[in-house]
Amino acid sequence: MNTPIRIVLIAIIMSAILSGCGTTPNSNYYLLNSNASPTPIGLSPSLGVGPITIPDYLNRNSFIYTLGDNKLHIARFERWAEPLDTGIMRVIQLNLASLLNTQNVQSYPWSGSTRPEYGVEVSVLILDANDTQAKLTAEWHIYRPQSNETVMRRISELQQPMAEGAIAASDIEPAYSKLFFQLSELIAKAIAEDIKLYP
C-alpha cells in the first residue's frame with residue numbers, strides 16, 4: 061500500500077475514533093412529584109410555604125447520594141430539572157393544599173397585606189439515599205405570620221425503603237417525593253390540630 065493511501069486510511073480511522081470518544085450520553089432530568097390527591101376545593105386555611113433551605117452540598121443540579129463507606133457520589137447525567145429547594149417548596153405546597161383541602165396557598169416571600177394564617181418553614185438537614193433506604197431529616201416550623209407566634213417546631217427523621225440491589229439514580233426521585241409527602245402529612249396534622257384548638 062503506497063504512502064498517500066495509508067495516510068488517508070489512518071486519518072479516516074482516527075477521525076472515527078475521535079468522533080466516538082466525543083459522544084457523551086444525554087442527561088436525564090427529574091422533578092419531585094406531589095403524591096397528594098384529590099384536588100382541593102376549599103379556601104381555608106390560608107397557607108404560606110417557605111423559605112426552604114437545603115445544605116450547600118445539595119445545592120447543585122446533579123443527583124448526589126451515598127455509595128458505600130459513606131462516600132458521596134455525584135451522578136454525571138442524572139439531574140434535577142429545577143433547583144432542589146424550589147422543587148421541595150412546590151411539592152410541599154401541593155401536598156399541603158390537598159391534605160388541608162385549601163387552594164389558598166402562596167410561596168414565600170409574601171406581602172404584609174396578604175399574610176397567610178399559617179406559615180411553614182422547612183430546613184432540610186439530611187437528604188440522602190443508599191442501596192437500602194432514602195432518608196430525610198428536616199426541621200420544620202409552623203407559625204402565624206400575622207403575629208409571628210410559633211405554633212410548632214420539630215425535627216423529623218423519615219425513611220423510605222429503596223428497591224433491592226444496587227442503587228439507581230432513577231429510583232431516587234420517587235423515594236424523595238414519598239419522603240416529602242410524609243413530612244407534609246406531619247405538618248398538615250399539626251395545622252389541623254391547631255385549627256381545632258383555635259377555630
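Quick note: the sequence shown uses our numbering, first residue 61, plus one each step.
Every residue gets a Cβ at the ideal spot worked out from N, C-alpha and C, and that includes glycine.
{"Item": "Kindly give me the distance between the Cβ atoms of P194 and L154, rounded to whole angstroms, as I take these residues to be in contact under 8 Å.", "Value": "Here residue 194 turns out to be Ala, not Pro, going by the sequence shown. That pair is no contact at about 20 Å."}
{"Item": "Looking at C-beta atoms only, is the number of pairs between the region 217-234 and the region 113-125 that lie closer than 8 Å three or more?", "Value": "yes"}
{"Item": "Name, in chain order, the residues that DSSP records as bridge partners for D254.", "Value": "Its beta-bridge partners do not exist; DSSP assigns none."}
{"Item": "Between which two residues does the beta strand (DSSP E) containing A157 stretch?", "Value": "First-last for A157: 144-159, but that is the alpha helix (DSSP H), not the beta strand (DSSP E)."}
{"Item": "Given A141, which residues of its chain have a CB within under 7 Å of its CB, disregarding the five upstream and five downstream residues?", "Value": "Y89, Y90, L91"}
{"Item": "Could you work out which residue in E177, I112, K238, G110 is closest to I251 when comparing CA atoms only?", "Value": "E177"}
{"Item": "What is the DSSP secondary structure of T113, reduced to helix, strand or coil?", "Value": "strand"}
{"Item": "DSSP three-state label for Q206, please.", "Value": "coil"}
{"Item": "Are the CB atoms of W102 and G179 nearer to each other than 7 Å?", "Value": "Checking the sequence shown, residue 102 turns out to be Gly, not Trp. No. Outside cutoff."}
{"Item": "Grab the span of the beta strand (DSSP E) containing G179 for me, first residue to last.", "Value": "178-189"}
{"Item": "Please classify Y236 as buried or exposed, where buried requires at least 16 other C-beta atoms within 10 Å of its C-beta.", "Value": "buried"}
{"Item": "Would G225 be called buried (16 or more neighbouring beta carbons within 10 Å of its own) or exposed?", "Value": "exposed"}
{"Item": "What's the gap between the Cα of P100 and the Cα of P205?", "Value": "23 Å"}
{"Item": "For A198, list the residues DSSP reports as bridge partners.", "Value": "V184, S216"}
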